[in-house]
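Remarks on the structure that follows.
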DNA sequence: CTGTGACTTCTAGTCCGTT
DNA sequence: AAACGGACTAGAAGTCACA
């Protein structure tokens, strides 16, 4: 049930992820490799096109060495 | 891709959700109604049996009137 | 009021590529 | 380096009957 009501939130989430990834000087490919997800998938999440699941949020956060709550600031 | 490595995290997340819900004096049924999800689905999330996705996390948080980051404390 | 198992539908997530 | 597409498989979403 992916209501359009949350499109903006997904975009913000993705942008936040992108900012943090770039802050760590990683490419999408490098991050994808670190958390064992597909590079095209990481891209889709950053663009707010994907409704990522909890486990993968945690995997990404672990790979970025950040707390998940960082991704939810002003969401 | 739901590695068992994250089962503990899902359980913690669910327990946190349960604690917050109870703190608000809501039953699973009431919360489910608020966020328009099924009662048994909420139960499954609280028990850590479901790998919930971002949009549903946001819906639940909105219904509980909390920030998503609250659910990620010490995860 | 909540847990559980079983179930179908639909999307999350992968893998191949091109631009 | 990243966006984007098509085709595919694993797994989330969503529901129910019953305990």
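Residue numbers (the working numbering), protein chains in the order written: chain A, 118 to 192; chain B, 118 to 192. For every residue, glycine included, the Cβ atom is placed at its ideal position computed from N, Cα and C.
DSSP three-state label for residue i, please.
i: residue 193 of chain B; result: Not covered by the structure: residue 193 of chain B. The range shown for chain B is 118 to 192.
i: residue 170 of chain B; result: strand
i: residue 121 of chain B; result: helix
i: residue 151 of chain A; result: helix
i: residue 181 of chain A; result: helix
i: residue 190 of chain A; result: coil
i: residue 161 of chain B; result: helix
Quick one: residues in its chain with C-beta nearer than 7 Å to the C-beta of residue i, no 5 flanking neighbours on either side, listed in chain order?
i: residue 138 of chain B; result: 148, 181
i: residue 192 of chain A; result: 126, 129, 130
How would you label residue i, buried or exposed, when you count the other beta carbons within 10 angstroms and need 16 or more for buried?
i: residue 173 of chain B; result: buried
i: residue 125 of chain A; result: exposed
Can you name, in chain order, every residue of its own chain whose Cβ lies under 6 Å from the Cβ of residue i, other than the five neighbours on each side?
i: residue 152 of chain A; result: 176, 177, 180
i: residue 133 of chain B; result: 188
Expressed to the nearest angstrom, what Euclidean distance is found between the alpha-carbon atoms of residue i and residue j?
i: residue 186 of chain B; j: residue 190 of chain A; result: 8 Å
i: residue 160 of chain B; j: residue 127 of chain A; result: 25 Å
i: residue 123 of chain A; j: residue 142 of chain B; result: 26 Å
i: residue 155 of chain A; j: residue 131 of chain A; result: 15 Å
i: residue 164 of chain A; j: residue 163 of chain B; result: 29 Å
i: residue 144 of chain A; j: residue 136 of chain A; result: 11 Å
i: residue 167 of chain B; j: residue 170 of chain A; result: 10 Å
i: residue 146 of chain A; j: residue 140 of chain B; result: 42 Å
Tell me which residues share the same chain as residue i and place their Cβ nearer than 8 Å to its Cβ, disregarding the 5 neighbours each side in the sequence.
i: residue 184 of chain B; result: 178
i: residue 158 of chain A; result: 149, 167
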